[in-house]
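For the sequence shown, UniProt numbering assigns the number 1 to the initial residue and increments by one for each residue that follows.
Quick reminder that beta carbons are idealized off the backbone N, C-alpha and C, glycines included.
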Amino acid sequence: MRLRALLESERLGLRLLWGGEELDRPVRGVMTTDLRDPSRYLRGDELVLTGLAWWRGGADAEPFVRVLVAAGVAGLAAGTAEFGSVPDELTTACARHRLPLFAVAEEVGFADLTEHVVRRVSTERAGDLAAVVERHRRLMAAGPAGGGPQAVLDLLGSDLDLPAWLLTATGRAVADSGAGPLPAEVGAELAARRLAGA
């Protein structure tokens with residue numbers, strides 16, 4: 001899912017504080033933390049939820065945001081229950097480091113927000129898996145009994161938009177994925193590598 005999808009549901013109670021130009025970032029998970037340095041628990045592309053229990057003052061914003069950015073998170077959603085609003089210093093630090101920041105309304109539970117993100121990400125992953133299974137089925141059907149190498153190359157070109165060529169040992173292209181002719185110098189280089197055993 002993309003960050004912008006978080007703003008499509010009014011029931012989530014999210015308000016964008018900074019990062020309107022960064023909303024196409026992918027979100028692959030969600031993590032709730034009130035640690036000052038949650039880096040060891042982050043893998044990248046998460047939406048990080050925080051209740052701001054780590055906040056003691058304005059100087060805390062910069063190091064916290066730097067840790068999140070270094071970990072490659074997609075965005076930060078800060079709860080407003082603790083302070084009534086998201087501290088300005090946190091908004092400034094997020095803007096400085098180009099980290100999208102959302103305010104979570106006090107009446108919205110992090111569990112609801114987490115469930116929403118997990119459901120969306122899981123649905124997308126299931127769709128991706130179904131596409132992979134279908135592609136595998138078509139590749140197997142396109143094998144020797146189903147159309148030979150050209151059928152496989154056609155599938156690579158149409159489904160994956162990958163340029164591919166079937167070459168002879170001398171580097172001459174005998175089939176392609178619709179990518180057009182293989183540049184002669186590329187064919188010669190590949191043939192030389194093959195003949196050299198590389």
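Annotation for residue 66: the continuous alpha helix (DSSP H) segment containing it runs 61–71. Contact between residue 29 and residue 108 does not hold, since their C-beta atoms are separated by about 19 Å, which reaches or exceeds 8 Å. Just measuring C-alpha positions, the residue of 123, 98, 188 and 190 sitting nearest residue 73 is 98.
Put simply, the backbone Cα of residue 43 is about 25 Å away from that of residue 89. If you check the CB distance, residue 190 and residue 165 do not come in under 7 Å. Annotation: residue 46 is outside any alpha helix (DSSP H); the continuous beta strand (DSSP E) that includes it extends over 46–50. Residue 17 is positioned such that its CB atom lies no closer than 7 Å to that of residue 6. Of 158, 177 and 46, the smallest CA-CA separation from residue 101 is found for 46.
Bounds of the beta strand (DSSP E) holding residue 176 are 173–176.
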